[in-house]
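These protein sequence lines map, in sequence, to chains A and E.
Our numbering applies: residue 77 is where the first sequence begins, and numbers increase by one.
Our numbering applies: residue 2 is where the second sequence begins, and numbers increase by one.
For reference, the structure is listed below as structure tokens.
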Amino acid sequence: MNIFRLTGDLSHLAAIIILLLKIWKSRSCAGISGKSQILFALVFTTRYLDLFTSFISLYNTCMKLIYIGCAYATVYLIYAKFRATYDGNHDSFRVEFLVVPVGGLSVLINHDFSPLEILWTFSIYLESVAILPQLFMISKTGEAETITTHYLFCLGLYRALYLFNWIWRFYFEGFFDMIAIVAGVVQTVLYCDFFYLYVTKVLKGKKLSLPA
Amino acid sequence: KEETDGKDEL
């Protein structure tokens with residue numbers, strides 16, 4: 077555990093909680109892609125199956141349970157409790173274009189051809205692109221609420237911090253996991269355009285809106 | 002589990 081890893085995890089946790097609180101307090105999931113949230117729930121479910129097979133630490137187990145619990149709570153709020161506020165017309169990204177290729181790739185390129193390992197690989201690949209329905213939705217409506225941009229910033233920052241964590245681990249532990257690193261770079265790159273808008277607009281007190 | 006098996010990460 078190093079500082080980048082810990083702050084990355086906390087940033088991830090902050091993102092998840094910001095989103096839950098935003099929906100809960102405003103009693104609305106307007107502007108939130110339910111499809112991205114389903115993909116994240118799928119990511120955590122397929123990645124954390126090792127909860128049943130191995131114990132790493134109390135921290136590890138607790139965080140996994142919190143992430144999974146929050147992911148399903150978010151999906152529940154969007155598709156059940158506040159379904160009337162869900163903007164399905166703008167959430168039109170075709171998720172099968174992500175899930176099918178990612179599924180194929182995880183069968184082809186993995187560390188070990190075993191069910192758990194393939195599901196872990198699937199979750200890593202899927203996480204790297206799971207935000208695309210959300211970004212697509214923002215590009216379609218041309219704007220995002222400020223609180224939604226804070227959520228996205230924390231979520232992007234988390235994977236960027238993990239990149240520094242992997243650099244750290246490579247130098248000090250000689251450890252690297254090529255699958256996680258490549259997917260992590262892809263994931264972080266997808267946020268770059270958003271990071272730019274966040275810094276140039278949201279941090280200067282303006283609402284995030286894209287030119288028509 | 003060893004820290005180096007990677008799955009200690011979230």
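Built from N, CA and C at the ideal position, the CB exists for glycine as well.
- Counting only residues of its own chain and dropping the five nearest sequence neighbours on each side, A/Ala149 has a CB closer than 7 Å to the CB of Leu96.
- For chain E, the residues of the segment 124-142 of chain A that bring a beta carbon within less than 9 Å of one of its beta carbons are Tyr124, Asp126, Ser130, Phe131, Ile132, Ser133, Asn136, Met139, Lys140, in chain order.
- Counting along the chain, the unbroken alpha helix (DSSP H) around A/Gly180 starts and ends at 172-184.
- Within the model, the alpha-carbon separation for A/Val275 versus A/Thr129 is close to 42 Å.
- For A/Cys268, the enclosing alpha helix (DSSP H) has its first and last residue at 254-276.
- The beta-carbon distance between A/Trp196 and A/Leu153, rounded to whole angstroms, is 27 Å. This is too long to meet the 8 Å contact definition.
- The three-state secondary structure of A/Ala220, taken from DSSP, is strand.
- Taking 8 Å as the upper bound for CB-CB distance, A/Ser190 and A/Val119 are not in contact here, some 19 Å apart.
- Chain-ordered, the chain E residues with CB closer than 8 Å to the CB of A/Asp85 read Leu11.
- Where A/Ile144 is concerned, the enclosing alpha helix (DSSP H) starts and stops at 134-152.
- Closest in C-alpha terms to A/Arg103, from the list A/Ala156, A/Leu174, A/Gly281, comes A/Ala156.
- Under DSSP, A/Leu284 takes part in a beta bridge, and its partners are A/Ala220.
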